[in-house]
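Only one structure is covered here, and it is reproduced in the block below.
Numbering (our numbering), first residue to last: 119 to 495.
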């Protein structure tokens, strides 16, 4: 006789837009697999990846139809909504509503001017300076700037550029990437990136400190990769970048390597090399104290930044969330999250990107696992 699975803990199934979670214990072999049928899997996949759904672009009609389909399946399984409340539309109880706002590079005007040591520097948008929509609203700033190393605070590595940083109502300049990113050391996971290198992570941390904007510049070590990053982001100026409408982050502006050299001269490279060497020495001494970037770039002078987003587009979006309650008394208050994103690229230059692998296949897998488990006694 085969072992049978009983869902003793609470299972929460997420079908999300742009965000995914997964956490589950190893399943046992059991009769629940009898409820997963190839014909049903194919049918679900063919529908989600059909041309009629037009690539399920976030917030567009195809994605909304896909979300309604997933909600209808949850309803058919008699799964519980995450929150209580009466909803007029039967699928509505499974929806988590939110808004996103987006703009393309063509719809953004950016200017950066610096008066430093008696000289005026004016950056050319799209050549010397770049902005990829990451923060709602416009910015008009005139004031001071400070340098903050990599703008990273990572307690697990005893590394901190942010404690004691006076950046309220100022612009922060910081290096792109993370410390010793080309080394094979385990510090910051060696050549494997950590989340600390992500500009959006830094932008959120600086917003909490009251900064006005983050200006990123490459290091002498990652300049080539940085230029490739900028080229990828500027490849299609018409493609819109979407963020949460209530995103809490400062705007992230990127300086070209040539403009960084023009502003800071030899200090740009020498600052980096001297601190890299000091960091390696600190690590060889076990690195028990907290390291922060000491050598500062000369940011003295007046900085003027203007960002204006023309007619940003707002879209209504929704996640689909359902709950399969647990039944075992001692475990029923524990949770397992099983999730996948159901949006995709939509239509680009007239071509429908159907997203069968990314991520209709993941949605179908989760959907059929939920269906099978919902049949268990």
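Beta carbons are placed, not taken as given, at the ideal position from N, Cα and C, and that holds for glycine.
Cβ atoms of residue 239 and residue 381 come within 8 Å of each other, at about 6 Å. Judged by pairs of C-beta atoms under 8 Å, the stretch 208-222 touches the stretch 358-371, as three or more such pairs exist. Here residue 271 really is in contact with residue 323; their C-beta atoms are around 7 Å apart, less than 8 Å.
If you check the CB distance, residue 246 and residue 366 do not come in under 8 Å.
Where residue 471 is concerned, the enclosing beta strand (DSSP E) starts and stops at 469-471. Here the C-alpha atom of residue 133 lies approximately 47 Å from the C-alpha atom of residue 420.
Beta-bridge analysis with DSSP links residue 199 to 440. Taking the Cβ atoms as the reference, residue 268 lies roughly 7 Å from residue 411, within the contact range of under 8 Å. Taking a contact to require three or more Cβ pairs closer than 8 Å, the stretch 438-445 and the stretch 394-413 do not qualify as touching. Given a length threshold of 4 residues, each whole run of the alpha helix (DSSP H) inside the stretch 270-350 is given here in chain order: 317-326. Assignment of residue 465 by DSSP, reduced to helix, strand and coil, places it in the strand class. Beta-bridge analysis with DSSP links residue 400 to no other residue. Shown here for residue 283: same chain residues with a beta carbon closer than 6 Å to its own, the five before and five after excluded, namely 266 in chain order.
Following the DSSP letters along the chain, one finds residue 214 inside the beta strand (DSSP E) bounded by residues 213-221. Its chain contains 425, 426 and 427 as the residues whose beta carbon lies nearer than 7 Å to that of residue 256, once the 5 sequence neighbours on both sides are disregarded; these appear in chain order. Scanning 374, 486 and 493 for the CA closest to the CA of residue 157 turns up 486. Cβ neighbours of residue 196 within its own chain (closer than 8 Å, five residues either side excluded): 492. Here DSSP, grouped into helix, strand and coil, assigns residue 175 to strand. In the assembly as shown, residue 472 is a buried residue. Its beta-carbon has 16 or more other beta-carbons within 10 Å.
The three-state secondary structure of residue 454, taken from DSSP, is strand. Contact annotation, residue 199 with residue 211: C-beta distance approximately 4 Å; criterion of less than 8 Å satisfied.
Here residue 384 carries a helix assignment [DSSP, helix/strand/coil]. Looking from the CA of residue 375, the closest CA among 340, 394, 399 and 350 belongs to 340. For residue 242, no alpha helix (DSSP H) run applies, since DSSP gives it neither H nor E. Boundaries of the beta strand (DSSP E) around residue 247: 247-249.
Excluding residues up to 5 positions away in sequence, 382 and 385 lie with their Cβ nearer than 7 Å to the Cβ of residue 416 in the same chain. Annotation: residue 261 to residue 422 spans about 7 Å, alpha carbon to alpha carbon. Residue environment: residue 459 is assigned as buried (16 or more neighbouring CB atoms within 10 Å of its CB, all protein chains considered). For residue 261, DSSP records a beta bridge to 421. Boundaries of the beta strand (DSSP E) around residue 234: 226-234. Around the beta carbon of residue 469, fewer than 16 other beta carbons lie within 10 angstroms, which makes this residue exposed. Sequence-distant Cβ neighbours of residue 433 in its own chain, meaning closer than 8 Å and more than five residues away, are 176, 177, 178, 217, 218, 219, 220 and 360.
Residue pairing by DSSP places residue 362 opposite 218 in a beta bridge. In the structure shown, residue 427 adopts extended strand secondary structure according to DSSP, grouped into three states. Rounded to the nearest whole angstrom, the CA to CA distance from residue 430 to residue 225 is 8 Å. For residue 379, the secondary structure class from DSSP, reduced to helix, strand or coil, is helix.
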